[in-house]
């Protein structure tokens, strides 16, 4: 038998991270897709850094930043009552940063590939930027939104280095499935590690398969 708490915590973390990332990434991707600002290359570089940086590097600097021994971490603790080191909240912030490019890039690509005439015609008809975004642009990049949501969710499920650095291994708070697998392997309990791993493999395979089927139009072909 395995402890289901790490799996439940993993899905909880992935779900909340994905929801918050969606809210953050839509305006950010919109700005990156259409801005002519000289700051765009810098912003794109910052967004993309989690793709190439080792997770432990991100986790280490977040650990330093959020530590009560640091001035910023001490301010968060004393003035806002936030203790982010070895907590679910800190783990959530780290997950958002670590998975940010997996949500932003597909949505940005969706905006970029849209015909500019859609946006221009909406403005000509007197629609505001907000109305144009939510009524015209987003409905036309549903596949990009779905891809971003799935990639961010799946990537969060597989986190290890960032989780270990900023969250540690606290049952019920920060011990997610990837940490549980590591613990079981360290304890030579390969059966439990295999069970955790199979569940994650089956879940991620099913999610990714569904995305490819939907984005590839295969489901519509089957309906015909």
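In this note's numbering, the protein residues as written are 787 to 1010.
Beta carbons are placed, not taken as given, at the ideal position from N, Cα and C, and that holds for glycine.
Note that the structure is a prediction, hence the values are computed from the model and not measured.
Asked, Found
"In terms of alpha-carbon separation, which member of 975, 944 and 974 lies closest to residue 988?", "944"
"Could you tell me the boundaries of the alpha helix (DSSP H) in which residue 787 lies?", "Taken as a continuous stretch (DSSP letters only), residue 787 belongs to no alpha helix (DSSP H), as it is neither H nor E."
"Have a look at 882, 923, 1001 and 864 and flag the residue whose alpha-carbon is nearest the alpha-carbon of residue 907.", "923"
"Give the range of the alpha helix (DSSP H) segment to which residue 845 is assigned.", "841–852"
"Using only alpha-carbon positions, find the residue among 868, 927, 986 and 952 that is nearest to residue 1001.", "927"
"With DSSP run on the structure shown, which of helix, strand or coil describes residue 1008?", "Residue placement at residue 1008 is flagged as unreliable, the pLDDT there being 49, under the threshold of 50; a coordinate-derived value is accordingly withheld."
"Leaving out the 5 sequence neighbours to the left and right, which residues in its chain are closer than 8 angstroms to residue 851 when beta-carbon positions are compared?", "858 and 859"
"If you draw a straight line from the alpha carbon of residue 822 to that of residue 816, how long is it in whole angstroms?", "12 angstroms"
"Looking only at its chain, what residues have a beta carbon closer than 7 angstroms to the beta carbon of residue 806, apart from the 5 residues adjacent to it on each side?", "882"
"Kindly indicate which three-state DSSP category residue 954 falls into: helix, strand or coil?", "coil"
"Identify, in the order they occur along the chain, each residue of the same chain with its Cβ nearer than 7 angstroms to the Cβ of residue 814, setting aside the five sequence neighbours on each side.", "890"
"Would you check if the distance between the CB atom of residue 884 and the CB atom of residue 948 is smaller than 7 angstroms?", "yes"
"Between which two residues does the alpha helix (DSSP H) holding residue 895 run?", "874–899"
"Residue 792 and residue 963 - do their beta-carbons sit closer together than 7 angstroms?", "yes"
"Within a Cβ cutoff of 7 angstroms, which residues of the same chain sit near residue 941, ignoring the five residues on either side of it in sequence?", "885 and 888"
"Can you tell me the Cβ-Cβ gap for residue 839 and residue 871, rounded? I've got them flagged as a contact below 8 angstroms.", "With a Cβ gap of about 20 angstroms, residue 839 and residue 871 do not count as contacting."
"Need the endpoints of the alpha helix (DSSP H) that residue 933 sits in, please.", "928–943"
"Should residue 961 be labelled buried (16 or more other beta-carbon atoms within 10 Å of its own) or exposed?", "buried"
"Using the beta-carbon count (16 or more within 10 Å), is residue 811 buried or exposed?", "buried"
"Tell me where the alpha helix (DSSP H) around residue 960 begins and ends.", "No alpha helix (DSSP H) holds residue 960; DSSP gives it neither H nor E."
"Can you tell me whether DSSP reads residue 823 as helix, strand or coil?", "coil"
"May I ask you to report which of helix, strand or coil DSSP gives residue 913?", "coil"
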